[in-house]
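Only one structure is covered here, and it is reproduced in the block below.
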Amino acid sequence: MPLTFEQFIEQAIKILNLNLCGYKIKRVQRRTDSLMRRHNINDYEQCIKLLKTDRTFKEAYLNHFTINTSEFFRNPGNFAYLKEKILPGLFVQKNKVNIWSAPCSNGSEPYTVALILAELNYTAKQYRILGSDIDTGILDRARRGVYGYNNLENVPDNLLNKYFINIDPVNRKYRLTEEIIEQVTLEKKDLINESFSNNWDLILSRNFFIYLTNEIKEMLCHKFAAALRPGGYFFLGNTEFIFNPEQYNLKKVYSSFYQKSD
Ligand SMILES: C[S@@+](CC[C@H](N)C(=O)[O-])C[C@H]1O[C@@H](n2cnc3c(N)ncnc32)[C@H](O)[C@@H]1O
0 MPLTFEQFIE QAIKILNLNL CGYKIKRVQR RTDSLMRRHN INDYEQCIKL LKTDRTFKEA
60 YLNHFTINTS EFFRNPGNFA YLKEKILPGL FVQKNKVNIW SAPCSNGSEP YTVALILAEL
120 NYTAKQYRIL GSDIDTGILD RARRGVYGYN NLENVPDNLL NKYFINIDPV NRKYRLTEEI
180 IEQVTLEKKD LINESFSNNW DLILSRNFFI YLTNEIKEML CHKFAAALRP GGYFFLGNTE
240 FIFNPEQYNL KKVYSSFYQK SD
């Protein structure tokens with residue numbers, strides 16, 4: 000009898016060492032089926048065989064499965080709130096402010112924070128920005144710091160001129176200046192399965208919860224809340240919210256912002 004999708008998932012979890020059950024299952028199936036079609040794979044059994052034996056295919060599966068959409072200043076109103084209301088207060092409280100973008104995708108998000116901090120005249124010694132993601136391909140792109148204009152539409156012109164070099168005017172490609180790239184450290188991390196370091200002043204976890212089951216979302220709320228220092232902030236995507244934030248010791252302070260209680 001051919002493998003069912005449920006049996007495929009059971010085996011794939013062990014091979015990939017990724018908790019696929021944490022993701023919305025219909026989406027996992029859609030992504031798996033579309034990748035199989037692309038590689039002319041006829042059934043789940045053949046797919047498992049390839050995941051076991053072909054490293055390139057395994058990497059392609061993981062990278063296809065994650066959705067990397069991101070852009071600079073995604074939801075500009077919230078980044079304006081971050082700039083005006085959250086960040087200045089953090090720098091009053093701490094000599095060194097720790098900021099974590101998890102997941103960071105192609106780097107647009109942590110680099111947006113670096114641009115804002117540069118504009119506010121904070122120096123590299125005053126903060127640390129870490130970006131984490133499970134997808135090694137997207138992290139390599141983040142390290143290169145090269146973006147098409149579709150990623151940069153919300154970047155104000157003065158910042159585009161100051162912090163980006165137009166390296167390909169015909170195709171509208173831009174490279175971030177080294178000054179900004181250097182402010183962000185990038186690492187591969189599976190946020191579902193790996194443990195977190197703590198004492199973060201600000202954690203951005205945006206447009207990630209939307210792909211996850213309620214159970215995993217709750218587990219991650221506990222992990223992220225524990226990783227924040229008291230008084231630290233948690234910044235979600237525009238369409239995401241935390242149900243009953245008090246259970247995680249968080250309180251909502253603005254549309255997508257939560258603060259950990261002292
Ligand atoms: C839609 S992007 C969000 C990027 C950015 N935070 C934003 O809002 O623009 C979602 C990211 O989650 C990453 N991802 C998916 N599962 C993950 C996991 N278990 N651990 C870490 N990153 C994961 C994907 O690789 C992808 O880059």
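For the sequence shown, numbering that gives the first Met the number 0 gives the first residue as 0, with consecutive numbering after it. Quick reminder that beta carbons are idealized off the backbone N, C-alpha and C, glycines included.
First through last residue of the alpha helix (DSSP H) which encompasses residue 118: 107-118
Residue closest to residue 133, alpha-carbon to alpha-carbon, out of 15, 155, 73: 15
Three-state secondary structure assigned by DSSP to residue 258: strand
Start-to-end residues for the beta strand (DSSP E) that takes in residue 230: 227-234
Cβ separation of residue 106 and residue 169, assumed to be a contact under 8 Å, to the nearest whole Å: With 8 Å as the limit, residue 106 and residue 169 do not qualify as a contact, their Cβ atoms being about 23 Å apart.
Distance CB(residue 174)-CB(residue 144) smaller than 8 Å: yes
Buried versus exposed, by CB contacts within 10 Å (16 or more), residue 68: exposed
Residue 31 beta carbon near ligand 1 (any heavy atom closer than 7 Å): no
Contiguous alpha helix (DSSP H) assignments of at least 4 residues, all confined to the segment 2-53: 4-15, 24-37, 43-52
Within 8 Å, strictly: CB atoms of residue 100 and residue 203: yes
Ligand 1 heavy atom lying under 7 Å from the CB of residue 15: no
Residue 184 beta carbon near ligand 1 (any heavy atom closer than 7 Å): no
Endpoints, alpha helix (DSSP H) assigned at residue 135: 135-143
Start-to-end residues for the alpha helix (DSSP H) that takes in residue 91: 86-92
Check: residue 134 C-beta below 7 Å from any heavy atom of ligand 1: yes
Reference residue 237; option with closest CA among 256, 194, 200: 256
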